[in-house]
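Working notes, structure below.
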Amino acid sequence: MWHPCYEKLQCARLTVPLNYSTPTGEKAAIALTRFPSSLPHESPDYRGPILINPGGPGGSGVQTVVRIGELLSTVIGPQFDILGFDPRGTTLRISLHTLIFIAPVIPGVGLSTPGASFFETALERELWSGISDGFQVINASSGGLARAWANAVINGKLAWERQPEILGHINTDQTARDMLTINNIERMVIDGVVDIENYYQTLWSTNLIDTSKTMDYFFTSCHAAGPDTCLFHAPTPDLIAANLTKLYDIVKVRPIPVRTSTSYGLVDYTRLRTSIFSSLYKPWVAYPALANALAALAQGDGAPLFSMYDLPKFQCDCGPDSEDSRFGKDAQTTILCNDGDPISSEFETLQEYFKNMMKESEWFEIWANIRIPCT
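Right, here's the structure in full:
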């Protein structure tokens, strides 16, 4: 049964088996949202729904429709419903990890149940995140890799203690079955993994092949734009790159304190690197703002850079049923670790893997956060 939601949209939930091997057992509820066709369903021109799954893994199809469903309808045509769903296990909370690796989050969206969660409450997660450094840039400190490994070990223990009967059924195979359960689908738009064999081997080693080229484009385009258009301009692209390296060195030694009208925090090495990495996903949109922010940072003003990917401060709702008690990273970790081959839990194996991957891309100090939780 469809109900009005999010102004122009309609929402529903689809009940499916938690475990398709025991279809009469526990159930999962899959959140659905659609931007409806403007044509009556009895019209001969009505073509039915187009099902959207943005991938991730763990990305919210509901969020995709909330954000761009109307735009997709304009592009594709009014004869289709634009239908999105939240994969099983996906109940998102705003986080830096979510913004970088999954998708921009709209509060209140991400409502499939049961949701993957390694923590019993949002408060427990927030406290542990503060102790464990939460999202990390591995090379921000000399012991960064060891801490990331140790945190992953703890999170793995919590995961199987808290949801032993649920987490094993949150994977791409089950999500594909859920998608097929949605009737009358004529077309699907599915975000594909670039290297499917690499993904299922849990290697995550071929994703950053051209990432540095995207960064180089920032340097060359800033130089070409000139000092009036790109405030981080320098006489050559290489000098722009060198100036960015200087900023890395500065904030690694002395972070820049920031207090804006709505927030506060530090621009440190992690904040600078993750902000730039996020911008690489959408250079046409993000590069002008990034150039302005870097120019301000070079003058000691960290507010523009800090504000580019600022997050709402944590608000304590300590009950176990609070909407904030499940987390996008938990869902993503559950899906990709269940999908892929098991990997060694030995720290020395991780050390060697990280060393080799850093030779392939400097950005692996961020990208490693995807794979390390599977140890």
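Numbering (our numbering), first residue to last: 36 to 410.
Note that the Cβ used here is the ideal one computed from N, Cα and C, for glycine as well.
Alpha-carbon to alpha-carbon, residue j and residue i
i	j	result
D208	T368	15 Å
I135	T305	In this prediction, I135 scores a pLDDT of 45, lower than 50, which makes its location untrustworthy; the coordinate-derived value is nonetheless stated afterwards. Cα to Cα, the separation comes out at about 13 Å.
M392	G112	44 Å
T148	W195	17 Å
R361	T125	Reliability of the predicted coordinates at R361 is poor, the pLDDT of 42 falling under 50, and the value obtained from them is presented with this limitation in mind. If I take the Cα positions, the gap works out to 8 Å.
E358	I244	For E358, the predicted model reports a pLDDT of 48, less than 50, meaning its position is unreliable; a value from the coordinates is still stated below. If you take the alpha carbons of E358 and I244, they lie about 37 Å apart.
L53	E61	6 Å
D345	A151	25 Å
G203	R160	21 Å
D284	T271	20 Å
I137	S313	Low per-residue confidence applies at I137: pLDDT is 40, beneath 50, and the placement is therefore not dependable enough to give any value.
A185	F382	9 Å
V288	V110	49 Å
V51	I201	14 Å
D374	T210	11 Å
P347	K364	17 Å
Q45	M36	10 Å
A183	I189	10 Å
A259	H268	9 Å
S380	A276	37 Å
I311	T280	12 Å
Y55	S296	50 Å
K43	Q171	38 Å
L131	N404	For L131, the pLDDT reaches just 44, beneath the cut-off of 50, and the residue's location in the model is therefore unreliable, although a value from the coordinates is still provided. Roughly 12 Å separates the two Cα atoms.
Q198	F349	24 Å
P75	D230	41 Å
Selected residue, minimal CA-CA separation from residue i, among the options
i	options	result
T241	E395, A330, T305	E395
I217	E42, P84, S310, I173	P84
L49	R123, R197, T109	R123
C257	S379, S247, L274	L274
T309	R289, A331, W402	W402
C409	Y234, G337, P318	Y234
L385	D374, I173, W398	I173
Y322	V286, D374, L266, P292	L266
A187	S296, W163, P39, E200	W163
N278	E105, L44, A330, A260	A330
R212	N404, P58, A183	P58
K390	A181, L307, I201, C46	A181
L146	E42, T295, A47, P290	A47
F399	S247, A276, H268	S247
I291	G261, G335, T280, P318	G335
Y41	E155, E105, Y55, L74	E105
V293	G337, I231, S380	G337
E232	D376, E397, Y388	D376
L193	V229, D230, F154	F154
Identity of the residues DSSP links to residue i by a beta bridge
i	result
Q45	P39, R69
T148	A64
N120	In the sequence under discussion, the amino acid at residue 120 is Phe, which differs from the Asn named in the question. L67.
Y299	R294
G83	F115
T369	The partner list for T369 (beta bridge, DSSP) is empty, contrary to what the question assumes.
V51	A63
CB contact flag (residue i, residue j, <7 Å)
i	j	result
G93	A366	yes
L332	L282	yes
I378	T237	yes
F115	G96	no
R406	W239	yes
L315	T264	no
I370	N206	yes
R158	C351	Note that residue 158 is Leu in the sequence shown, not Arg. Cβ distance < 7 Å, so L158 and C351 count as in contact.
V320	L307	no
Problem - the stretch 72-92 / the stretch 168-184 touching (three or more Cβ pairs under 8 Å) - result: In short, these stretches do not touch, since the Cβ pair count stays below three.
Practice task
Count the CB pairs spanning the stretch 291-300 and the stretch 331-348 that are closer than 8 Å, and state whether there are at least three.
Solution key: The stretch 291-300 makes contact with the stretch 331-348, as at least three CB pairs between them are under 8 Å.
Handout entry: Inter-stretch contact at 8 Å, needing at least 3 Cβ pairs: the stretch 312-329 / the stretch 246-263
Key = These segments touch.
Handout entry: Cβ pair count under 8 Å reaching 3, the stretch 94-101 against the stretch 63-70
Key = Segments in contact, yes.
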